[in-house]
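Engineer:
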Amino acid sequence: MSSTTHPSLAVGRRLPNAFDLAALLCVFAVVIGVVRVAPATFKPIAAAGALAVDLAPSHLPEYALRTTLRMFAALALSLLFTFTYAPLAVRSRRAGFVLIPLLDVLQSVPILGFLSFTTAFFMGLFPGSVLGLELAAIFAIFTSQAWNMAFSFYQSLTTIPRDLEEAARSFHLTAWQRFWRLDVPFAIPGLVWNTMLSMSGGWFFVVASEAITLGDNTWKLPGIGSYVAEALAKRDLGAIGWAILAMFGVILIYDQVLFRPLVAWSAKFRFEVTAGAVAADPWLLKLLRRTRVLRLAADGVSDAVGRLAALPLGGVTGGASATPQRRTRMGDAVFFTIVGLVVALAVVRVVDYITANHIGWADLAEAVGLGCITLLRVVVLIALASLVWVPVGVWIGLRPAWARRIQVVAQFLAAFPANLLFPIFVVLIVRFHLSADIWLTPLMILGTQWYILFNVVAGASAFPGDLQEAAESLHLRGWLWWRRVILPGIFPYYVTGAITASGGSWNASIVAEVATWGHDKLVAHGLGAYIAQATDAGDFPRIVLGVAVMSGFVIVFNRGVWRPMYAYATRRLTLS
Amino acid sequence: MDTTALAALLEVRACRQSYHKDTNVDLLVLDDVNLALHTGEIVGLLGRSGSGKSTLLRIVSGLLRPTAGEVRWRGAPLLGPAPGVAMVFQSFALFPWLTVQENVELGLEAQGVARAERAERAQAAIDLIGLGGFESAYPKELSGGMRQRVGLARALVVHPDLLLMDEPFSALDVLTAETLRTDLIELWSEGRLPLKSVLMVTHNIEEAVLMCDRILVFTSNPGRIATELRIPFAHPRNRLDPAFRQMVDEIYAVMTRRAAPPAAPTVLTAHDATFATPLHPVSTNLLAGLLEALAAPPYSGRADLPALAASLQMEADELLPLGETLQLLGFAVLEEGDIRLLEPGRKFVHADTDERKLLFADALRAHVPLVAAIRRTIDERWNHRASAVRFRDELEDHMSPDYAEDTLRTAITWGRYAELFSYDEEAQQFSLDNIEAPA
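Protein chains in written order, with my numbering: chain A, 1 to 576; chain B, 577 to 1015.
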């Protein structure tokens, strides 16, 4: 399994620019808008019976199912979003100006910090009903999945080879036919890969979003996440063990039944026309191909999809596209005036909110200071994880027989929601009276370190054999070999893994810097804890501030560190 | 052009295509192109890469709308990809996720042809083009030749009146290309292709003479039709036929004559080229190799271009840029389909590595103003550094960004070889690091 480019790396811009700032402002203006409506609608739900969580293990299958259903509901939403947002951004030049920076900002915003707002918002929509809570949870998962999928689709759409596009036009495919015959198939490998990443991220959020505490109220939506939260509150270590086991089972099933076959199937859509090494079909795909009934069913589905895709909807994409169109100045003027007005409105909103809630420079300084502490944690963690996993990954990657097996394991581990393992650490910290500031830190990278491992493994296994032989015949050994041969060779892959890991760690800090075990509460200093505590206190201005500062950190870090590194890697360390 | 006899299937009138540049001038890609296609003929657009012939093909196909001029298809103005026109691509442009059968059916599917009829027609096209048995294969399972057969079948299945081919055989090896050409011509001569006319773009002179009834030779910068030639031979044609060879020679002569700059090449002035003359991206190794081959027997200083191309296994499109570059540098001269070694070229051949670099440096300074200007700028700067960006920007005022990039890259490679300057790719900066004091 080779990895694809991390979506946020592909866009050329490096330093945050005016569009990013505008997008950031707009996002927060909307957040503030939601926040203002939210508190008024807080009261309704009394702890109804529908929301009780039972710690008996016999309930776990049902909880696991409910959690999984939420995941797939969100996935469906994310796909819908992807299939509308990305084409819009590509087809319309003006929309692209706005949509792309917006997407870039949205994917840098720590979604966990928003959980409280969205919960309040959806409960306001359906007062007194569990539906509101369900929707809030699904929305939380959606926000963790949609952005990078949309980005991946956008990227594919912008890199469709010209000759295929011309072929589609010269054979008179309509917009609809072209979408299903060219756009979607071309995007599938990247999309499947990003969907897998999204699902992994989604498990993390589904667990976090099922048990929401906001001010004095706590809601528990039946599911694995709330089961764990309940177990934590009751100090039931056995129940936590059962939950981990159940999660393990769920992930194993969805990995085997859904993603292995999907990845194998998506290889068909890889654009390289040359035949390459083909991985063995996963068992489910074999089953599907060999079993007559299943095959008939699969054929039926693909047949229906084919018929749907062939519908002559939409106009034939015209021929005049290549001549430079005279830009309609008037249209541009109107469009950018509207955009300007929206941004101005956002500025007014944000300023208004800041002054109304007495957020001063001191608050900002505090948040930024705490942000620096969290930044330090992320940097140290990435460095440590790299120190451990790069050599291990290289060792594995150069041994093909191992690489294939470990790759599957690493992907599986990355999908496992690390927050389920937090209690074990918390128990140990409480037992041995360790410093929370130091020992809560590893939790942040618990789930995301695997991205480094499996990207390095992918890089090392893709390392050209002739270069290996050349290094051997030149007797390159030891540190020289690492420095001159393998590290530059895997660097682009490493960066891809590291950026995913670092993004995930920022997000995880919100749940990792604060931990509870019954009545014991562990708090580390950091921006994540700041946001988490503000959430517990229902202190909306501080949540907004914390989330804004964290978004800023993530964006600057991505643009200032990762993107230049990635640009360097692709320019310098790849042939051709 | 002759429009009285038969109503033309396709007509291009006074067509111009320019590349819009926001600074000042529009860059002309095609200028005043007129063309008429009639039923029953294969017409070739022959020219060097970058002469605009592919652009013209895209205009004819309706994929691109010309900046000025008119394209009429069966008497009506062409406003987009027309039904009745199908295209074969140089890169095959097959959809890797569709099988051979599905690729072939794609155009019919877009037309809304019913499933049963689609399968039937696709099968007929597949059989016609010799792909039977490969229906369920994916493109990546096929060899290049088979892939292009799929491309052909996909174009033929819609029963177009006009088939457009964009260098259809240039991505194939020599033998495969030849088989495909003869197969296609055979089908055409036997009237088994559901076509009225074929328009193909090529840079291979022999291919054009082998296949076409009419050849339009293009000049570059801007693209214009220089000459129109009728090929009177009957199919199948014999490459070794003296009349065939004569025709190939003639076309070589036309192409070199047109490409040669007007100034007398023996005069060593800097006026042959200007700052913004596009440079062919050819390597110094190739130049040296060609000079050595020219100096050695059997040529001993003078060679017939078609013969030289054949013995070096190069196509006209590869050989001509080399010859022109040697002419630009004052090492050789092109005359009526021949190339002749000049005195500086002879000196270069007999020199050792270091002397060659010096000779090359002298030639660059005398004849390539761009390289000379780069070196001058570095010398004038107090820190002996200059940014490549400003040169690229200046070049882009006179040519398309792709050409500017190629030209600058070539100047950099040549200048590095001649040790006139060094270049830091990362910083995009010229300097005199590692360069000995100017000789």
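Positions of the beta carbon are idealized from the N, C-alpha and C atoms, including for glycine.
Could you tell me whether the region 407-414 of chain A touches the region 473-484 of chain A, where touching means 3 or more Cβ pairs closer than 8 Å?
Structural biologist: No, they do not touch.
Engineer: Can you tell which of A/Phe151, A/Leu384, A/Ala297 and A/Thr82 has the C-alpha that lies nearest to the C-alpha of A/Ala498?
Structural biologist: Of the listed residues, the one whose Cα sits closest to A/Ala498 is A/Leu384.
Engineer: Who does B/Pro653 pair with in a DSSP beta bridge?
Structural biologist: BP columns for B/Pro653 point to B/Arg648.
Engineer: Put B/Val733 into one of helix, strand or coil per three-state DSSP.
Structural biologist: Coil at B/Val733, not helix or strand.
Engineer: Taking the straight line between their C-alpha atoms, what separation do you get for A/Thr500 and B/Thr778?
Structural biologist: Straight-line Cα distance between these residues: approximately 47 Å.
Engineer: Within the 7 Å Cβ cut-off, does A/Gln177 reach chain B?
Structural biologist: Yes, contact with chain B.
Engineer: Mind checking whether the beta-carbon of A/Leu115 lies closer than 6 Å to any heavy atom of the ligand NAD?
Structural biologist: No copy of the ligand NAD occurs in the structure displayed, which carries no ligand at all.
Engineer: Going straight from the alpha carbon of A/Thr323 to that of B/Leu633, what length do you get?
Structural biologist: Bear in mind that a pLDDT of 41 at A/Thr323, under 50, signals an unreliable position, so the number given afterwards is only what the model happens to contain. Rounded to whole angstroms, A/Thr323 to B/Leu633 spans 15 Å at the Cα level.
Engineer: Of the choices B/Ser667, B/Glu693, B/Thr675 and B/Arg691, whose alpha-carbon is the least far from that of A/Ala167?
Structural biologist: For A/Ala167, the nearest C-alpha among the options comes from B/Ser667.
Engineer: Below 7 Å on C-beta distance, what does B/Trp673 contact in chain A?
Structural biologist: The contacting residues are Pro185, Lys268 and Phe269.
Engineer: Inspect the beta-carbon positions of B/Glu912 and B/Ala802 and report whether they are closer than 7 Å.
Structural biologist: Their beta carbons are not under 7 Å apart, which means B/Glu912 does not touch B/Ala802 by this criterion.
Engineer: Along chain A, in chain order, which residues have C-beta atoms closer than 8 Å to that of B/Phe665?
Structural biologist: Asp163, Glu166 and Ala167, listed in chain order.
Engineer: Taking only beta-carbon atoms, is A/Val305 less than 7 Å away from chain B?
Structural biologist: No, because no Cβ of chain B sits closer than 7 Å to the Cβ of A/Val305.
Engineer: So is B/Lys923 buried or exposed if we call it buried at 16+ other beta carbons inside 10 Å?
Structural biologist: Flag for B/Lys923 reads exposed.
Engineer: Let me know the secondary structure DSSP gives B/Asp914 once reduced to three states.
Structural biologist: Looking at B/Asp914 - three-state DSSP - the assignment turns out to be strand.
Engineer: Nearest to B/Pro653 by alpha carbon, out of B/Leu585, B/Ala690 and B/Val689?
Structural biologist: Selected option, being the one with the closest Cα: B/Leu585.
Engineer: Would you kindly check if the distance between the Cβ of A/Ser551 and the Cβ of A/Met444 is under 7 Å?
Structural biologist: Result no, Cβ atoms of A/Met444 and A/Ser551 do not sit closer than 7 Å.
Engineer: Hey, quick one: how far does the beta strand (DSSP E) through A/Lys220 stretch, first residue to last?
Structural biologist: Per DSSP, A/Lys220 belongs to the beta strand (DSSP E) from Asn217 to Lys220.
Engineer: Thinking just about the alpha-carbon of each residue, which of A/Phe117, A/Ala89, A/Thr67 and A/Phe72 is nearest to the one in A/Ala29?
Structural biologist: If we check each option's Cα against that of A/Ala29, A/Phe117 comes out closest.
Engineer: Three-state secondary structure (DSSP) at A/Ala515?
Structural biologist: In this structure, A/Ala515 counts as strand in the three-state DSSP scheme.
Engineer: Mind the definition here: the region 606-620 of chain B touches the region 782-802 of chain B only if three or more C-beta pairs lie below 8 Å; say whether that holds.
Structural biologist: Counting Cβ pairs under 8 Å, three or more are found: they touch.
Engineer: A/Met149 lies in the beta strand (DSSP E); which residues open and close that run?
Structural biologist: Counting along the chain, A/Met149 falls outside any beta strand (DSSP E), though it belongs to the alpha helix (DSSP H) covering Val130 to Thr158.
Engineer: Looking at the structure shown, is A/Pro324 part of a helix, part of a strand, or coil, going by DSSP?
Structural biologist: Residue placement at A/Pro324 is flagged as unreliable, the pLDDT there being 43, under the threshold of 50; the coordinate-derived value follows with that caveat. Coil.
Engineer: Closest to A/Glu513 by CA distance: which of A/Thr448, A/Arg377 and A/Phe171 is it?
Structural biologist: The residue with the shortest Cα to Cα distance from A/Glu513 is A/Arg377.
Engineer: Just to confirm before moving on: does the CB-CB distance between A/Trp176 and A/Leu313 stay below 7 Å?
Structural biologist: Yes, the Cβ-Cβ distance between A/Trp176 and A/Leu313 is below 7 Å.
Engineer: For B/Trp673, tell me which candidate among A/Thr448, A/Ala362 and A/Phe186 has the shortest Cα-Cα distance.
Structural biologist: Comparing Cα positions, the closest option is A/Phe186.
Engineer: Could you please give the first and the last residue of the uninterrupted alpha helix (DSSP H) stretch that includes B/Asp938?
Structural biologist: Here the alpha helix (DSSP H) through B/Asp938 covers Thr929 to His943.
Engineer: Please confirm if A/Pro261 has its CB atom under 7 Å from at least one CB of chain B.
Structural biologist: False, the Cβ-Cβ gap to chain B never drops below 7 Å.
Engineer: Kindly indicate if chain B contains any beta-carbon less than 7 Å away from that of A/Ser302.
Structural biologist: It does not: the Cβ of A/Ser302 has no partner Cβ on chain B nearer than 7 Å.
Engineer: For A/Lys234, does the count of other Cβ atoms within 10 angstroms reach 16, so buried, or fall short, so exposed?
Structural biologist: Burial call: exposed.
Engineer: Given this structure, state the Cα-to-Cα distance separating A/Asp163 from B/Ser746, to the nearest angstrom.
Structural biologist: So the alpha carbons of these two residues sit roughly 15 Å apart.
Engineer: How is the beta strand (DSSP E) around B/Gly620 delimited, first residue to last?
Structural biologist: First-last of the beta strand (DSSP E) with B/Gly620: Ile618 to Leu622.
Engineer: Alpha carbon to alpha carbon, how far is A/Ala146 from A/Ser78? Give it in angstroms, no decimals.
Structural biologist: Roughly 5 Å separates the two Cα atoms.
Engineer: Going along the chain, which residues of its own chain have a beta-carbon closer than 8 Å to the beta-carbon of B/Phe997, five neighbours each way excluded?
Structural biologist: Cβ neighbours of B/Phe997 beyond the five flanking positions: Ile950, Arg951, Ile954, Gly991, Phe1006, Ser1007, Leu1008 and Ile1011.
Engineer: Can you list, in chain order, the residues of the region 803-824 of chain B whose Cβ is nearer than 8 Å to any Cβ on chain A?
Structural biologist: So the list is empty, because no residue satisfies the distance condition.
Engineer: Looking only at C-alpha atoms, which of A/Trp506, A/Ile543 and A/Trp517 sits nearest to A/Val556?
Structural biologist: Checking every option, the nearest Cα to that of A/Val556 belongs to A/Trp506.
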